[in-house]
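Novice: Here the protein sequences line up with chains V and X, keeping their order.
If you use this note's numbering, the first sequence corresponds to residues 1 to 343, in order.
If you use this note's numbering, the second sequence corresponds to residues 1001 to 1343, in order.
Protein chains: 2
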Amino acid sequence: MATARKHPDGAASAGATIYSVAERAGVSIATVSRVLQGAGTVSTTTAQKVLDAVDQLNYVPLGAARSLAVRHHEAHGLVLPELTGPYYSELLMGFESRAAELGQSVTLMLADGKADLARAVRQLATRVDAIAVLGSAAMPPAVARALHGQKPVVIIAGTPQEGIESVRAENAHSAEQLTEHVLAHGRTRLLFVGDPEGAPDIAERHAGFVNAHRARRLEPAAPVRVPFREGEGAAVAERILAGEIEADALVCANDELALAIMSHLQDAGRDVPGEIAVVGWDDVMTSRYVRPGLTTVRQPVRELGVLAAERLHQRVAGGQPRLEPQILPTEVVIRGSCGCPTR
Amino acid sequence: MATARKHPDGAASAGATIYSVAERAGVSIATVSRVLQGAGTVSTTTAQKVLDAVDQLNYVPLGAARSLAVRHHEAHGLVLPELTGPYYSELLMGFESRAAELGQSVTLMLADGKADLARAVRQLATRVDAIAVLGSAAMPPAVARALHGQKPVVIIAGTPQEGIESVRAENAHSAEQLTEHVLAHGRTRLLFVGDPEGAPDIAERHAGFVNAHRARRLEPAAPVRVPFREGEGAAVAERILAGEIEADALVCANDELALAIMSHLQDAGRDVPGEIAVVGWDDVMTSRYVRPGLTTVRQPVRELGVLAAERLHQRVAGGQPRLEPQILPTEVVIRGSCGCPTR
DNA sequence: CTGTTAGCGCATTCAA
DNA sequence: TTGAATGCGCTAACAG
């Protein structure tokens, strides 16, 4: 029995292993591993023999076996609520591209339809070295709890949690700036449309809205709390048309909402921004195309993804968590819907 | 030496293994595995002890080890060119949700910035059981070649390859229908904007464009070959404004292109659809918001993703490839930009 | 420069 | 109902 080959292999190309490659090349598995990893030193001729064998057998290494041996998945997890609109996609693109550069594959999970998020996250944790999670709603706490600190986590655009890294875009200041801009147009009855409690991002934007009022010693009205779905826009518009809500300017939680409201109002014959100004957040593509153009705020979403991927990578490499949240600057984009003259 | 515990474990919760759990629960690792997999039969009390231990140690199983043992990654790969616009995102959402339902995680790869696509794909193949790839450009051939039939592959919206499954949305017929609709408006100088050679989808749409002309015994003009990037739209519009291109209707390869052209033309004072009609493809959000609304074609993109995930799953389960491409129906969406009266 | 060997952590026979 | 033993395919010392 002694040193009998434990891996008899089958000539079948499907299922070629490092053993079959080694045998074919007439070398040991260690040598195969070396040339494939580019580690150690192998003579050119030997290396070529191995490469040939790999080619002939069409050898595809088993990632799981490698992961088990190196004790790393070489994969990052990303948990997003969903993928509608450009925001999440941009984020994902940034994340994926940076992760790929760092040699990490990315396993994506959408919280959307999952009945048991915590379970899904634990399952994810099983296959990745670290996890980034977008901060909307209750996701990060759920994720953090499910992981119990077992894996590095970074929260993207969410409320920082005790001991968890986070990266996000600046909100409060630009919201204040944007609101002040609208106030400077002489508008007096501003309404914040969106639910500050729906997401930390929104809460911060609302805070900026409030601050802009305070700075002028004005009393901000209570926010119109609606989810920031496109569909909600029509309903809000209806309430305005019905006189149920009164305002001469709407500061919306995001562009989708702003666009839906603006469009609906215009269809009903209202003049935007003449009778009522509307501003949004995100600078989605549509905002450039509608008339008047939507005044909004642009966030460095892609960079957020890049940053998250980098943070995870550093953590996996043994780096210490950087607990001060990293905040990326945003940019107010003025177009016509706020009342500014259109060119 | 004999039967000494090979896995000394460390009380450290980080890195709990099936061994530490077993020890803590006072059972064997086989039992731990059984209760965690819900396989075999374990007494209620024993099971509870295990569960408690899992909880206390905060045990997160190592997916790689499981994969190695069960000889499955329990993950599907998805290769997309990029993620701009709603198309890819929708597809991804469908794919992810269905994959998740089937207990598979999804590893995403964006071809976008990758210098060596083939290499990246082989790397991906290392960690998944099967791969779905979007059919634009040269991706699927490259992927297929890189895999050499080692893993099940399904091509989404691409040219079917010998022996490879594919799913896609119907193109030619609806393109013909759309073109005929424009012709029926009395337009005579139609131009197809987009590169038929850029993607198989586009080629089919162009074929439909041509067929609609043939049916009326009209000679279709040569296509205006441009990549379907938003940026290209402006250039095309400029050529039209300069009189370099003449047309009374534009059938564009997708909405982004159509919107950019239409907007540019309108800015220059042209009447759309009065002087020139414009139609697109995809029914992106913006198309509903612009004036006139963009006439376009809606595809069941999400379903495409769902289907792809299902196909992969069946294949991994040992099912035979279904070689006839599966084709999902699309829907022409008439709005105002084609010349139809706006409500 | 190359081969031997010992795990990596889990699922799974096979006995008991 | 449970435990002992084996192997999944690969990496990484350690020898030679």
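C-beta: ideal position from N, C-alpha, C; glycine also.
The structure presented is a predicted model; accordingly, all values stated were derived computationally and were not measured.
Please name the residue, chosen from 1144(X), 1297(X), 1268(X), that lies closest to residue 1255(X) on a Cα-to-Cα basis.
Specialist: Residue 1255(X) has its Cα closest to that of 1297(X), out of 1144(X), 1297(X), 1268(X).
Novice: What whole-angstrom Cβ distance do residue 236(V) and residue 193(V) have, given they're in contact under 8 Å?
Specialist: Indeed, because the Cβ distance is near 6 Å, the residues count as touching under 8 Å.
Novice: With a threshold of 8 Å on Cβ separation, who are the neighbours of residue 1248(X) within its own chain once the five nearest residues in sequence on each side are excluded?
Specialist: The answer, listed in chain order, is 1187, 1188, 1189, 1190, 1275, 1276, 1277.
Novice: Taking just the CA atoms, how far does residue 1153(X) sit from residue 1184(X)?
Specialist: Taking the straight line joining both Cα atoms gives about 42 Å.
Novice: DSSP beta-bridge partners for residue 133(V)?
Specialist: According to DSSP, which records beta bridges pairwise, residue 133(V) is partnered with 79(V), 155(V).
Novice: Report the option in 90(V), 315(V), 213(V) whose CA atom is closest to the CA atom of residue 75(V).
Specialist: Per the Cα distances, 315(V).
Novice: Quick one, are the C-beta atoms of residue 345(V) and residue 59(V) less than 7 Å apart?
Specialist: Absent from the structure is residue 345(V), since the part of chain V shown begins at 1 and ends at 343.
Novice: Which full runs of the beta strand (DSSP E) of 3+ residues lie inside the stretch 1158-1244 of chain X, going along the chain?
Specialist: Those beta strand (DSSP E) runs which fall completely within the stretch 1158-1244 of chain X and span 3+ residues are 1165-1169, 1190-1193.
Novice: From the beta carbon of residue 96(V), is the nearest beta carbon of chain X less than 7 Å away?
Specialist: Closer than 7 Å to some Cβ of chain X, the Cβ of residue 96(V) qualifies, so yes.
Novice: Should residue 1282(X) be labelled buried (16 or more other beta-carbon atoms within 10 Å of its own) or exposed?
Specialist: Residue 1282(X) comes out buried.
Novice: Any beta carbon from chain V within less than 7 Å of residue 1126(X)'s own beta carbon?
Specialist: Closer than 7 Å: yes.
Novice: Could you pull out every residue in the same chain whose Cβ sits closer than 6 Å to the Cβ of residue 1336(X), ignoring the five residues on either side in sequence?
Specialist: Closer than 6 Å at the Cβ level, and outside the excluded window around residue 1336(X), lie 1292, 1293, 1342.
Novice: Ignoring anything shorter than 4 residues, give me the alpha helix (DSSP H) runs that lie fully in the stretch 1260-1308 of chain X, in order along the chain.
Specialist: For the stretch 1260-1308 of chain X, whole alpha helix (DSSP H) runs of length 4 or above, ordered along the chain, are 1286-1289.
Novice: Can you confirm whether residue 1139(X), when its beta carbon is compared against all beta carbons of chain V, has any partner nearer than 7 Å?
Specialist: Taking Cβ atoms only, chain V never reaches closer than 7 Å to residue 1139(X), which makes this a no.
Novice: Would you mind telling me which residues of chain X sit closer than 8 Å to residue 100(V), beta carbon to beta carbon, in chain order?
Specialist: Going along chain X in sequence order, the residues near residue 100(V) (Cβ under 8 Å) are 1109, 1110, 1113, 1114, 1120.
Novice: Output yes or no for whether 7 Å exceeds the beta carbon distance between residue 1207(X) and residue 1242(X).
Specialist: Cβ distance not < 7 Å, so residue 1207(X) and residue 1242(X) don't count as in contact.
Novice: Between the C-alpha atoms of residue 134(V) and residue 156(V), what's the straight-line distance to the nearest angstrom?
Specialist: Cα-Cα distance, rounded: 5 Å.
Novice: If you draw a straight line from the alpha carbon of residue 253(V) to that of residue 1260(X), how long is it in whole angstroms?
Specialist: Distance between the alpha carbons of residue 253(V) and residue 1260(X) is about 26 Å.
Novice: Can you look up residue 22(V) in the DSSP assignment and give me helix, strand or coil?
Specialist: Helix at residue 22(V).
Novice: At a CB distance below 8 Å, what residues from the stretch 47-68 of chain V approach chain X? Give them in sequence order.
Specialist: Going along the stretch 47-68 of chain V in chain order, one finds 58, 60, 61, 62, 63, 64, 65, 66, 67, 68 with a Cβ nearer than 8 Å to chain X.
Novice: State buried or exposed for residue 339(V), treating a residue as buried only when at least 16 other CB atoms are found within 10 Å of its CB.
Specialist: With 16 or more Cβ atoms within 10 Å of its Cβ, residue 339(V) is classed as buried.
Novice: Would you kindly work out how many angstroms separate the C-alpha atoms of residue 4(V) and residue 107(V), rounded to a whole number?
Specialist: In this prediction, residue 4(V) has a pLDDT of 35, which is less than 50 and means its spatial position is unreliable; what the coordinates show is noted afterwards. Distance between the alpha carbons of residue 4(V) and residue 107(V) is about 39 Å.
Novice: Spell out a yes or no on whether the stretch 56-73 of chain V and the stretch 1061-1070 of chain X are touching, meaning 3 or more CB-CB pairs, one atom from each, closer than 8 Å.
Specialist: Yes, since at least three Cβ pairs between the stretch 56-73 of chain V and the stretch 1061-1070 of chain X fall closer than 8 Å, the two stretches touch.
Novice: Whole angstroms is fine: what's the gap from residue 1148(X)'s alpha carbon to residue 203(V)'s?
Specialist: In a straight line, the C-alpha of residue 1148(X) is about 52 Å away from that of residue 203(V).
Novice: Let me confirm a value: residue 1174(X) is counted as buried when at least 16 other C-beta atoms fall within 10 Å, else exposed. Which label applies?
Specialist: Residue 1174(X) is buried by the Cβ-count criterion.
Novice: Do you know whose CA, among 1279(X), 1046(X), 1142(X), lies nearest residue 1209(X)'s CA?
Specialist: Minimum Cα distance to residue 1209(X) is reached at 1279(X).
Novice: Which residue or residues does DSSP assign as beta-bridge partners of residue 1332(X)?
Specialist: 1297(X), per the DSSP bridge assignment.
Novice: Starting from the C-beta of residue 1161(X), find all residues in its chain whose C-beta is less than 8 Å away, skip the five residues before and the five after it, and write them out in chain order.
Specialist: If we look at residue 1161(X) and ignore the five residues flanking it on each side, its Cβ neighbours are 1140, 1141, 1144, 1155.
Novice: Hey, how far is the Cα of residue 324(V) from the Cα of residue 1199(X)?
Specialist: The straight-line gap from Cα to Cα measures roughly 46 Å.
Novice: Leaving out the 5 sequence neighbours to the left and right, which residues in its chain are closer than 8 Å to residue 1195(X) when beta-carbon positions are compared?
Specialist: Only 1202, 1223, 1225, 1226, 1227, 1228, 1253 meet the Cβ criterion.
Novice: Can you give me the start and stop residues for the beta strand (DSSP E) that residue 1342(X) sits inside?
Specialist: Element bounds for residue 1342(X): n/a, residue is neither H nor E.
Novice: Are the C-beta atoms of residue 320(V) and some chain X residue less than 7 Å apart?
Specialist: With 7 Å as the cut-off, residue 320(V) does not count as an interface residue toward chain X.
Novice: Taking 7 Å as the CB-CB limit, is residue 313(V) close to chain X?
Specialist: For residue 313(V), the answer is no, since every Cβ of chain X falls outside 7 Å of its Cβ.
Novice: For residue 1006(X), collect the residues of the same chain with a Cβ closer than 6 Å to its Cβ; drop the 5 residues on either side in sequence, then sort them by chain order.
Specialist: Low confidence applies to residue 1006(X): its pLDDT is 44, below 50, so where it sits in the model is not reliable, and the reading given next is rough at best. Excluding positions up to five away in sequence, the list is empty.
Novice: Who are the near neighbours of residue 1093(X) in its chain, counting only those whose CB is closer than 8 Å to its CB and skipping five residues on each side?
Specialist: For residue 1093(X), where only same-chain residues beyond five positions count, the Cβ hits under 8 Å are 1302, 1305.
Novice: Return no unless some Cβ of chain V is closer than 7 Å to the Cβ of residue 1342(X).
Specialist: It does not: the Cβ of residue 1342(X) has no partner Cβ on chain V nearer than 7 Å.
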